[in-house]
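Please read the structure below before turning to the comments.
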Amino acid sequence: MLGEGTDEGRFWVRFWGVRGSHPTPGPSTVRVGGNSVCVEVRAGGRLLVFDAGTGLIGLGQALLREPGNRRVEVFLSHYHHDHIDGLRFFAPLYERGWRCRIHGPKLHGFLPERVLRMAMSPAFFPVEWPELPARPQIRSLARHAVLRFAGRPPARVRVQISGAHPKLGVALYRVECAGRALVYATDIEAVGKGFEDVVRFAQGAAVLVHDAQYTDEEYAAARKGKVGWGHSTVRIAAEVARAAGVERLLLFHHDPSHDDRALVELVRQARRVFTATDLASRGLKVDLA
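Structural data, given as structure tokens:
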């Protein structure tokens, strides 16, 4: 067991960044949000963060204003820039007394420690990893690993990691607490048995956060299609939610070219396949238990 945390025994998720590929600030994205991916989860008194895009910067600043909490577990799905750019500006890393652990899968022969130390090397950033006052730990996750955290009684927290998804080796996460489950499935593309793998992993979850970067037309366009780019369509996300029998689907990892108006239309389309669909947007908070 990995110790105790804060926020009593509640279980909820809040979004700090929902964009894929790169941030998209501006008036046309202000409703849904322009920061790249970052999701905060509170479960059984534990603070868990999934991915470290630019949304992590705002979360870090908020955490410094929060009394009592001094521990955070960050889980990375993979190491594309839109999933790690915020880590270098994550305020708790620069505060002594904070306990920060960064978890990530081994992908394409790269260990998370190698990737993160490289990202904070003199060629890319003025502060090197060993200089961070919080002295964060980096943990490599095995395929199909299960982590168990002590939480506020009677809650206990379980984080399950899927095997690397077939397309790019992206890790999926399932958080269970108080008999409820949240599944975080970003940067996935239905290749081979990929669709069935995600359905099994998400089976019966209360909330499924699923990559929905493309429309069907964008994905399959003859000349500039997105096949092989490692992302799902809105329709695929809705079909996964329906097949897995989840309670609620939140469309996530929005394409930079999709402004607020376009995303509202896409969620309408998704609801034709799976009624309980909504947009993941910055600041959205969903209670699970």
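The sequence shown begins at 32 in this note's numbering and counts up one residue at a time. Here a beta-carbon is modelled for each residue, glycine too, at the ideal position from N, C-alpha and C. Please read all numbers here as calculations on a predicted model, not as lab measurements.
{"query": "Near the ligand MN: Glu97 beta-carbon under 8 Å from a heavy atom", "result": "Annotation note on the ligand MN: not contained in the displayed structure, which lists no ligands."}
{"query": "Extent of the continuous alpha helix (DSSP H) run through Tyr250", "result": "247-251"}
{"query": "Coil, strand or helix - Gly91 by DSSP", "result": "helix"}
{"query": "Cut-off 7 Å between Cβ atoms - residues of its own chain near Ala274, not counting five sequence neighbours on either side", "result": "Val230"}
{"query": "Length of the line joining the Cα atoms of Ala252 and Ala268", "result": "19 Å"}
{"query": "Coarse secondary structure for Gln191, derived from DSSP in three states", "result": "strand"}
{"query": "Rounded separation between Gly99 and Trp129 - CA only", "result": "11 Å"}
{"query": "For Pro136 and Ile192, believed in contact at Cβ under 8 Å, the rounded distance", "result": "7 Å"}
{"query": "For Asp242 and Phe283, believed in contact at Cβ under 8 Å, the rounded distance", "result": "6 Å"}
{"query": "Coil, strand or helix - Gly136 by DSSP", "result": "Checking the sequence, you will find Pro at residue 136 rather than Gly. Looking at Pro136 - three-state DSSP - the assignment turns out to be strand."}
{"query": "Simplified DSSP state of Gly314, which is helix, strand or coil", "result": "coil"}
{"query": "Alpha carbon of Val61 to alpha carbon of Asp228, nearest angstrom", "result": "34 Å"}
{"query": "Opening and closing residue of the alpha helix (DSSP H) in which Asp228 lies", "result": "225-233"}
{"query": "His134 versus Pro153 - alpha carbon distance", "result": "23 Å"}
{"query": "Proximity below 9 Å, CB of His114 to CB of Ala83", "result": "yes"}
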